[in-house]
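Here my numbering runs 296 ahead of the position in the sequence shown, where the first position is 1. Think of the CB as a built atom: it goes at the ideal place given N, C-alpha and C, for glycine as much as any other residue. Predicted model only: the values in this text are computed from it and were never measured. A quick write-up on the structure given underneath.
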Amino acid sequence: MNWLFPWQDALWLQHMPAAAQRHHALLLRGPRGVGKRRFAEVIGQSLLCMAPAKSALPCGACQACGWIAQAQHPDFLLIEPRIDADAEGEGAGTAKKAPAQVKVDQIREVVGKLALSTHQGGRRIVLIDPAEGMNAHAANALLKTLEEPPGGTLFLLVNHQCGALQATIVSRCRALDLAIPAPAQALAWLHQQGVAEESARLALALAGGAPLLALEKAAPEARARLQTLLSILQLGSSMDPIAQAERLAQYGAAEIVEGMQTWSHDLTARKLGQAISYHVDCADSLARTATDARIEDLLALQRKLLDAKRLAGHPLNTRLVAEDLLLAYRDACGG
Ligand SMILES: [Zn+2]
């Protein structure tokens with residue numbers, strides 16, 4: 297059975313099972329879309345499996361593997377961010393709705409379970425994804441546990457955004473870096489998933505080389521949505537931000553920001569005479585749009601997009617966000 301993605305085999309052989317036996321917390325770092333979550337799940341399953349293979353990979357057939365397949369293993373605890381309208385007072389009541397976060401009560405609930413003996417008398421797994429989704433209170437509560445870890449528990453922290461996790465937490469973990477695979481390996485995998493060669497190449501460029509993200513971007517609906525956004529951006533200095541923002545009302549803020557980030561990155565590269573990284577099939581329209589664009593305004597736009605990305609997890613009025621960003625974009629294009 298293919299537990300791991302093909303580009304993860306070498307990392308597994310290099311570190312497993314030793315890393316999971318020697319450390320009480322592993323930090324799985326890397327860009328979005330390289331399969332960190334899958335890697336973490338397989339580590340957890342391999343430790344709970346009753347008959348792991350010689351490679352330490354799970355058997356897939358025992359009772360523990362069966363429970364995990366149904367997300368019902370009592371010793372495999374998963375913590376993910378949740379949206380909580382009646383916040384626990386951590387935001388000092390400034391916002392009506394809090395963004396999706398891992399809250400301190402989620403950590404406390406799990407830590408409470410760690411004091412009890414495990415269901416199977418073996419290891420216990422706590423998977424937190426994404427670890428940077430913990431708010432400050434939650435991170436502090438986890439830190440205390442990591443400083444005095446309960447025996448037999450392995451914490452698996454999935455970290456998509458480098459630098460977004462508290463250094464004190466990082467220092468308590470053994471880090472494993474999951475990198476972008478070689479393009480040939482990523483393309484071969486995308487072909488196996490049924491993505492045609494040309495689409496796979498374009499989607500992989502758009503995804504910055506991350507195969508799982510490329511697979512999402514290669515889906516027809518995702519491509520159509522991106523096309524609409526690009527058709528707006530290609531209007532450049534003649535674009536009407538208010539009218540065009542209306543067309544993006546059904547988009548998520550993160551989706552708009554990400555599309556604008558890759559596009560303005562390419563536009564800046566074009567302006568500087570460098571190679572295009574993301575929208576490799578749009579060389580002509582990038583060249584056209586770049587004609588009147590001002591480099592300092594493009595760089596300011598990119599800083600603005602970075603700020604917007606940080607806020608994208610908050611429940612925002614997408615149309616207003618889009619208007620604001622499109623206005624800055626139009627100005628940068630010489631409007
Ligand atoms: Zn098993």
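Please report how far the alpha carbon of residue i lies from the alpha carbon of residue j, in whole angstroms.
i, j, result
"L597", "K332", "31 Å"
"H456", "P426", "7 Å"
"N436", "F451", "15 Å"
"R338", "T414", "The question names Arg, but residue 338 is Val in the sequence shown. The straight-line gap from Cα to Cα measures roughly 19 Å."
"T390", "T558", "Residue placement at T390 cannot be trusted, given a pLDDT of 42 that sits under 50; what the coordinates show is reported in the next sentence. So the alpha carbons of these two residues sit roughly 32 Å apart."
"E384", "V400", "Below a pLDDT of 50, predicted positions are generally treated as unreliable, and E384, at 46, falls in that range; no measurement from the model is reported."
"L423", "L343", "13 Å"
"L259", "M346", "Residue 259 lies beyond the residue range present for the chain, which begins at 297 and ends at 631; the question has no answer from this structure."
"E428", "V576", "31 Å"
"K567", "V330", "30 Å"
"L324", "H433", "22 Å"
"E405", "E592", "49 Å"
"P302", "G362", "23 Å"
"Q310", "A316", "12 Å"
Should residue i be listed as close to ligand 1, given that the test is whether its C-beta is under 7 Å from any heavy atom?
i, result
"G408", "no"
"A276", "As shown, the chain starts at 297 and ends at 631. That puts residue 276 outside it, with no answer to give."
"M346", "yes"
"A396", "no"
"A352", "no"
"C358", "yes"
"C355", "yes"
"C458", "no"
"C578", "no"
"C469", "no"
"C629", "no"
Tell me the DSSP secondary structure of residue i in three-state form.
i, result
"F301", "coil"
"I421", "strand"
"R615", "helix"
"R334", "helix"
"L474", "coil"
"S342", "helix"
"L623", "helix"
"V407", "helix"
"Q647", "Given that the chain is displayed from residue 297 to residue 631, the structure contains no residue 647 and the question cannot be resolved."
"T414", "coil"
For the beta strand (DSSP E) holding residue i, just list the boundary residues, first then last.
i, result
"L486", "Counting along the chain, L486 falls outside any beta strand (DSSP E), though it belongs to the alpha helix (DSSP H) covering P479 to Q488."
"T449", "T449 to N455"
"I375", "F372 to I375"
"A357", "Here A357 belongs to no beta strand (DSSP E), and DSSP marks it neither H nor E."
"A460", "Run containing A460: none; DSSP gives neither H nor E here."
"R584", "Counting along the chain, R584 falls outside any beta strand (DSSP E), though it belongs to the alpha helix (DSSP H) covering A579 to A586."
"R325", "A321 to R325"
The alpha helix (DSSP H) spanning residue i covers which residue range?
i, result
"N431", "Neither: N431 is in no alpha helix (DSSP H) and is coded neither H nor E."
"L595", "I591 to L607"
"D562", "A549 to K567"
"T524", "P516 to L529"
"R497", "E493 to L502"
"R262", "A question about residue 262 goes unanswered here, because the residues of the chain that appear run from 297 up to 631."
"R543", "P537 to R543"
**OP:** Report yes or no: do the region 514-532 and the region 348-368 share at least 3 C-beta pairs separated by less than 8 Å?
**Re:** no
Original post:
Three or more C-beta pairs closer than 8 Å, one from the region 486-502 and one from the region 465-472: is that the case here?
Top reply: no
**OP:** Tell me, please, whether the region 469-479 touches the region 501-514 by the rule of three or more beta-carbon pairs shorter than 8 Å.
**Re:** yes
Original post:
At a cut of 8 Å, does the region 511-531 reach the region 607-616 through at least three beta carbon pairs?
Top reply: no
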